[in-house]
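For reference, the structure discussed in these notes is given below.
Chains as they are written, first to last, in our numbering: chain A, 82 to 563; chain B, 1495 to 1715; chain C, 62 to 376.
Printed below as a string of structure tokens:
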């Protein structure tokens, strides 16, 4: 019941925002919808925390330790993004980059997008997961091209086509999975339910599932943005409005990875080995290295941080592939803290580029003097994202590194190399932007403080201390994934 | 209709679907591609209906009807109107010449045959042999998307790929559960509207629907 | 006694091939005239043409070598040999057992090779151009032809034509996608091989477009008559090969001498229908540019290959 309420809020908010159109209070309605979703998700989480896993809605929905923390995270980040988008989008309107129709569309689609992601997380059905993933793509495609500039249209087209193809291959994987499951579970929706599939994964046909995993890997891997399927990601993240970049980077990639990891556990169950994990390790490590090198030559600030997202998704994929409780725990934590950090960075980046009227790194200067919150926010965000202690990413990366040393020591140098290059590249690019004198074309503006501060505090806290409920969830999720 | 005859008709339809894929691969005119695409949808719908009849699965009639409505009438019509309104040049330009594309297509068919071999052996359904054709259709749809230069032709390739997926669902498992099929159809419909909007966007920002104009976003800007 | 029956049937078949081929061409021409609203010269006109050419004297170019002089005989002989192999009216052919479809393709290739050589022998521009075009078409058509025929031999489990016909007629009728695709490919190849529209136009001497006619432009008298006759037989044979492979019902089996009249009647009916189809194609289509011929044959090749693949995949 609670799940239906949770999903219903977003749909309702999307409908309301589509109907009322561009009003003065539309951003507030947007925030309200997201906040209500967040509250509902917290209730759901509490319910799961006290009463354990649950299956509801005629077995179409289920909640366990793995998806509940992602659902809360999704609801939380979407709420803070809604808060951030109020001043940001208003400023974009004042600059004349967006009209009334675009704003109405933006608000409605934002809510629909959150709905699609929560649906993907909470559904118990592999087929519906696929549909929600596709819906998430479709709802954001036109948001990427919201500015209607040639490059944004091009980016959106690339996003649409590449993700469309990728996700189509994932559907083929789903068909194969259903083929294998039907033999064991019989026809109908019940043969596509995670709960049923997980129970019988040992008796699924291994050859079919291995083949299915190849399609899942390519399909959902495209959405995760793994190299070499990542082509759409920097463009889509750089050309869309910044709030959309924040949720794409912070949330959508997580959801896609979630889908991939769920599939992996089934395949592992069927094949009694870790071949799927090895494929994921390879994709993850290549993504880490390639994106780290790409970071070195970025000129656009949003593009640069999109590459950083690829890098971190690579790390998480690699860690899930590595398996074992330490690496999996690290990967789960990594998804959480990366999402918080990356969206905070995008918030500050959005303000920074508005202050300078450009996204070019070489023209953004003197942020700390110009606007201390934006400057320090970016600085600390980058410090967190490159894995400096005491932030949460240090913890997760350290865990993953420890696991690597233990079970695949030969890969450790590559992993460290990737991290080191990303570290150097990001620091080198960010230092001149943050420090130094204020250029004359910089103009200060009203910024939204709360989301950035909130995210950074959370990342800091997670680096120092893991709350009991969270560690219980993560341990539960690790048990699920083993 | 006996089961044997149904299998024969179904495999003839599978061959026709494969043939229309190749037709899409070699066709030079956009309207010709649209017509071929509609035919492919018609064969697919007929095949789904026949499988539904022989297997006694009535939910397949619904997906056959959906395919008929969407792939044979609605989408070709929408595309036709768009092409007409936007006055797109009717010739299709391809990046790779046609004989090479055809040979790659053949290679893809053989590849899909080998890829689906284990499934064919495991399956007991009468449609199992058409799975290779389904995967080949998916692969050829991809090839069309890669080798063609226009936004419209990419979309036709994408939809042909989607046809292959539907066909795969029918031939491997007698169709996915109805909820999933309906959801997929809904997604495709939304996608169709989105690319309709897109054509206008691309048109207004690039003044053409040639994808070669859309190659600005590269690494070395 | 049986061998005598076989010899009788073989002789009857060769006689049928020689005698009926001009009539088939006459039938096609007559239909074409009707379809285009012209008065036709009747079904017997090809016979009159051949007789007229045989009565005429041969005019030879001064530098014509023995190749030029012997090519018509070789081409005619090879084509008639092909006529002895293909089960036109019966499968009980002593010669048919000695040669399978691959040999058949080779026999046709011999005829074409010598005609092409003769085309270049005189050294005129048209002859050379015609030969080079003919060889281009042939080099693309032959692989496609082999693929198409292989597909049928896969279905039948044999490469001997008589055996293939026997297998296909014996069992219950089955829809086979591989056969359908092979048939489509075969039709395209047949059009190219026999020089019909849209690949070549047998009725024109327009210098830019002609292929086969350019090659034999220098021939006259009985040489030309033989080449023309061989051409008619070739068209007839392709039609009856198609009929034999794809709708073989009505062809006589082993030692069935008395089936021969029935077979001739059924052949006449089937070829009549083939003629109508051919005319429909020829009147509806325009001749394509020579640069498009490779693509046309490429399509045939793809169809044949798909036919073969669908045999493995779908059957």
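By construction, the Cβ of each residue, glycine as well, lies at the ideal position given by its N, Cα and C atoms.
Because the structure is a prediction, the values reported are computed rather than measured.
One thing to note: residue 503 (chain A) has its Cβ within 9 Å of the Cβ of residue 373 (chain A). The shortest CA-to-CA distance from residue 1664 (chain B) to any of B:1505, B:1499 and B:1496 is the one to B:1505.
In the displayed model, residue 343 (chain A) falls within a helix according to three-state DSSP.
Residue 1539 (chain B) and residue 1634 (chain B) do not touch by the CB rule: their CB atoms are close to 19 Å apart, not below 8 Å.
Excluding the 5 residues flanking it on each side, residue 368 (chain C) has same chain C-beta neighbours closer than 6 Å at 212, 239, 242 and 243, in chain order. DSSP, read as helix, strand or coil, puts residue 135 (chain A) in strand.
Per DSSP, the continuous alpha helix (DSSP H) segment holding residue 559 (chain A) begins and ends at 549-562. Residue state for residue 151 (chain C) is assigned as strand, using DSSP reduced to three classes. Residue-level contact check: residue 452 (chain A) does not touch chain B, since none of the beta carbons of chain B fall below 9 Å from its beta carbon. Between residue 1613 (chain B) and residue 288 (chain A), the C-beta gap is smaller than 9 Å, which places the two residues in contact. DSSP, read as helix, strand or coil, puts residue 333 (chain C) in helix. Annotation: Cβ neighbours of residue 226 (chain A) in chain B (cutoff 7 Å, chain order): 1695. Going by C-alpha positions, residue 231 (chain C) is about 19 Å away from residue 319 (chain C). By the C-beta density criterion, residue 82 (chain A) is exposed, having fewer than 16 other C-beta atoms within 10 angstroms.
For residue 260 (chain A), the enclosing alpha helix (DSSP H) covers residues 231-266. Residue 1529 (chain B) has its alpha-carbon roughly 21 Å from the corresponding atom of residue 246 (chain C).
Its Cα nearest to that of residue 561 (chain A), the residue A:278 stands out among A:546, A:454, A:291 and A:278.
Any Cβ of chain B closer than 9 Å to the Cβ of residue 270 (chain A) would place that residue at the interface, and such an atom is present. CA-to-CA, the gap between residue 292 (chain C) and residue 117 (chain C) works out to about 19 Å. Between the alpha carbons of residue 1662 (chain B) and residue 146 (chain C) lies a distance of about 44 Å. B:1656 is the residue among B:1630, B:1656, B:1621 and B:1503 whose C-alpha sits nearest the C-alpha of residue 1531 (chain B).
With respect to the 9 Å criterion, residue 456 (chain A) and residue 449 (chain A) are classified as neighbours on the basis of their beta carbons. A:151 is the residue among A:151, A:361 and A:100 whose C-alpha sits nearest the C-alpha of residue 125 (chain A). With fewer than 16 other beta carbons inside 10 angstroms of its own, residue 549 (chain A) counts as exposed.
Taking the Cα positions, residue 120 (chain A) is about 13 Å away from residue 149 (chain A).
Comparing alpha carbon positions, the residue from B:1678, B:1500 and B:1640 closest to residue 1589 (chain B) is B:1640. For the segment 1522-1541 of chain B, the beta-carbon criterion of a distance under 8 Å to any beta-carbon of chain C is satisfied by none of its residues. Taking all protein chains in view, the Cβ of residue 521 (chain A) is surrounded by fewer than 16 other Cβ atoms within 10 Å, so the residue is classified as exposed.
The beta-carbon of residue 1546 (chain B) is placed no less than 9 Å from the nearest beta-carbon of chain C.
Using a 10 angstroms sphere on the CB of residue 159 (chain C), the tally of other CB atoms stays under 16, which defines it as exposed. Interface flag for residue 1646 (chain B) against chain A is unset, since no Cβ pair is found closer than 9 Å. The straight-line gap separating the alpha-carbon atoms of residue 333 (chain A) and residue 1599 (chain B) is approximately 34 Å. If only uninterrupted alpha helix (DSSP H) runs of at least 4 residues are considered, those enclosed by the segment 1519-1605 of chain B are 1524-1549, 1553-1561 and 1569-1580. Residue 364 (chain C) places its beta carbon less than 9 Å from that of residue 249 (chain C). For residue 454 (chain A) against residue 542 (chain A), the beta-carbon gap comes to about 19 Å, at or over 8 Å, which does not count as contact. A distance of 9 Å or more separates the beta carbons of residue 188 (chain C) and residue 91 (chain C).
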